[in-house]
Amino acid sequence: MVARQSSNHPSAASTKAFVQMFAMRRVAARWRSIVPAMHRVDRLVVPT
Numbered sequence: 104m105v106a107r108q109s110s111n112h113p114s115a116a117s118t119k120a121f122v123q124m125f126a127m128r129r130v131a132a133r134w135r136s137i138v139p140a141m142h143r144v145d146r147l148v149v150p151t
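Below is the structure:
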């Protein structure tokens with residue numbers, strides 16, 4: 104992937120990268136709160 108900087112939006116690439124990083128951090132935080140609950144549910148539901 105080639106990062107091409109256009110003249111009218113010089114910081115478009117960095118802004119997009121920042122938005123992607125922010126979204127990834129939000130999704131990661133949400134999954135860190137969801138996954139333990141899912142594991143608890145699996146332990147309760149699935150008889151081992």
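Quick note, my numbering runs 103 ahead of the 1-based positions in the sequence shown.
Just so you know, even glycine gets a beta-carbon here, dropped at the ideal spot from N, CA and C.
A quick note: this is a predicted structure, and the numbers were derived from the prediction, not measured.
Who are the near neighbours of residue i in its chain, counting only those whose CB is closer than 7 angstroms to its CB and skipping five residues on each side?
i	result
R133	none
H114	Residue identity differs from the one stated: residue 114 is Ser in this sequence, not His. Same-chain partners within the cutoff: there are none.
Quick check on DSSP: helix, strand or coil for residue i?
i	result
S114	coil
To which residues of the same chain is residue i closer than 6 angstroms at the C-beta, ignoring the five residues directly before and after it?
i	result
V130	none
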